[in-house]
Every structure is written in C-alpha cells, then in structure tokens.
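Read the structure below first, then the notes.
Next comes the structure, spelled out in structure tokens:
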C-alpha cells in the first residue's frame, strides 16, 4: 500500500542514488532494498541464531573495487541499460576468487560469465593475492570449521593479518576486499558507504512482507513462465 511504500522509500532517499547513478537511480535504490531484504538482514538473523545456540558462525561482506575493469561498461542485463559496474558486488561475485577462475570474458547475465567473466588478470596482482587469501580461508573452513589455523594464517602479499572471530555480541563481520578488516554492524553507515545494513533498516524491513516483482518476463522475454504464487 501507499503508506508502506512511503515508509520503506524513506529508508532509501532517492537523492542519494541520483547523485551516484543519475541515469539509474530507481534501479540502484531497488537493488539496495533487495540486497538488504533478501541477503544482509537474513544473514544477520541466521548468524545471530547460530550464536544464540552456541554454534560458531562467520559473517562477511564482499567489497572489491573495479571488479570488471575495462568491461565495466558492458551491458549486463538484456533489455536494460544497466552496466556491469552499476551492478556492483552481486551475489556469487566472490566465487571466481574462491576457485581462482577468471575466464577473461565480458560479464553477462547468461551462463557462468555472470560471476566468472573478468578482464585479463595478471598473476600475483591484487586480484590473485585476494584469491589466494579467500581460497585459503575457505579451505580451512572445510577442514577445521575456522577461517584460520595455526598452520594456515592465510597471510598473502598485500594482506595484513586480520582476526575473524565467530559472530558475537559485537555483531562482528569480516569486510573482505583488497584490505580485509574486522568490522561491526553497529558501525554501519548510510548509502553509499553502507558496507552492511543498519540494524534500524533491518528492523523496519522485517515488519512487512515485501514482495519483489519477478522481472524475468520483461527482462529476458521468457515465454510460458508463470511467476510463483505469493505466500
């Protein structure tokens, strides 16, 4: 309803998005809403639930500048003028770093290039160093359930030592980027510096069953596609 739309919109002032992306402010604002509603706020809830049950959980955010380099201007979504750069750090963007698989192909919303499409990378550059760091941590998770071990500190060229304790009452998470650092949700800021969602925003979003229109028909031109029924 209108009152709900007005209240939720007030959490994401349009002028902030117009300043950053003047051609796509509504897309950018909607993308931020979806990020918070679908990913960040539920991730916080899940980490807190694990913590309450004394089960170690490790929360992180992914933020790598210039992810697509010269390919940043490539049209990312068919039927729109949204570029790869405007997409920012999307779900699955970290997968190429876990497996160190950069395909040297332009990003695309179709096929594996949605995550693996990258401009050419040079061995031992910042992207490869970050990949080594992430791969090391994920391997440790598989073997020990922890990101670091006595045998594997995961220190790589350009990566300074950082602690990543399980999620706790400090609402801690690891900001993963070229300069990884331990952060707290308590210190969350406003867009565009919102590395994590502010708790007030999550509380407001949880009050309402917000449904996002399935745009696959309009965007991809799928035929005979039936959107899922609302719960």
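Residue numbers (our numbering): 200 to 430. C-beta: ideal position from N, C-alpha, C; glycine also.
Residues bridged to residue i [DSSP beta-bridge criterion]
i, result
"residue 259", "373"
"residue 274", "282"
"residue 381", "373"
Own chain, CB closer than 8 Å to residue i, minus 5 neighbours either side, in chain order
i, result
"residue 429", "Reliability fails at residue 429, whose pLDDT of 46 lies under 50, so the model's placement of it is uncertain and no value is given."
"residue 380", "361, 373, 374"
"residue 288", "261, 262, 263, 266"
"residue 335", "351, 353, 355"
"residue 271", "265, 282, 283, 284"
Residue closest to residue i, alpha-carbon to alpha-carbon, out of the options
i, options, result
"residue 456", "391, 250, 408, 384", "Summary: the structure shown does not reach residue 456, with the chain confined to residues 200 through 430, and so no result is reported for it."
"residue 290", "327, 371, 235, 377", "235"
"residue 392", "403, 295, 216, 322", "216"
"residue 377", "343, 328, 368", "328"
"residue 322", "282, 285, 364, 300", "300"
"residue 269", "223, 344, 284", "284"
"residue 347", "330, 357, 363", "363"
"residue 286", "408, 226, 389, 390", "226"
"residue 208", "228, 219, 223", "228"
"residue 248", "370, 324, 382", "370"
"residue 251", "368, 390, 394, 408", "368"
Residue i beta carbon near the ligand COA (any heavy atom closer than 6 Å)
i, result
"residue 290", "As presented, the structure is devoid of all ligands, the ligand COA included, so that no description of it is given."
Cβ separation of residue i and residue j, assumed to be a contact under 8 Å, to the nearest whole Å
i, j, result
"residue 366", "residue 333", "Wrong, their Cβ atoms sit about 19 Å apart, outside the cutoff."
"residue 210", "residue 403", "6 Å"
Cβ neighbours of residue i in the same chain (closer than 6 Å, five flanking residues each side left out)
i, result
"residue 293", "261"
"residue 326", "320"
"residue 405", "none"
"residue 349", "none"
"residue 331", "355"
"residue 259", "372, 373, 375"
Same chain only: Cβ atoms within 7 Å of residue i, ignoring 5 sequence neighbours per side
i, result
"residue 298", "none"
"residue 345", "339"
"residue 212", "none"
"residue 396", "235, 239, 240, 387"
"residue 224", "213, 216, 217"
"residue 246", "256, 258, 366"
Residue-chain proximity (residue i, chain D), Cβ-Cβ < 7 Å
i, result
"residue 345", "The displayed structure is made up of one protein chain only, and chain D is not part of it."
For the structure I just gave you, are there three or more beta carbon pairs, one from the stretch 242-251 and one from the stretch 224-233, closer than 8 Å? Segments in contact, no.
Would the stretch 351-360 count as touching the stretch 328-340 if we require 3 or more Cβ pairs under 8 Å? Yes: the two stretches touch, three or more of their Cβ pairs being nearer than 8 Å.
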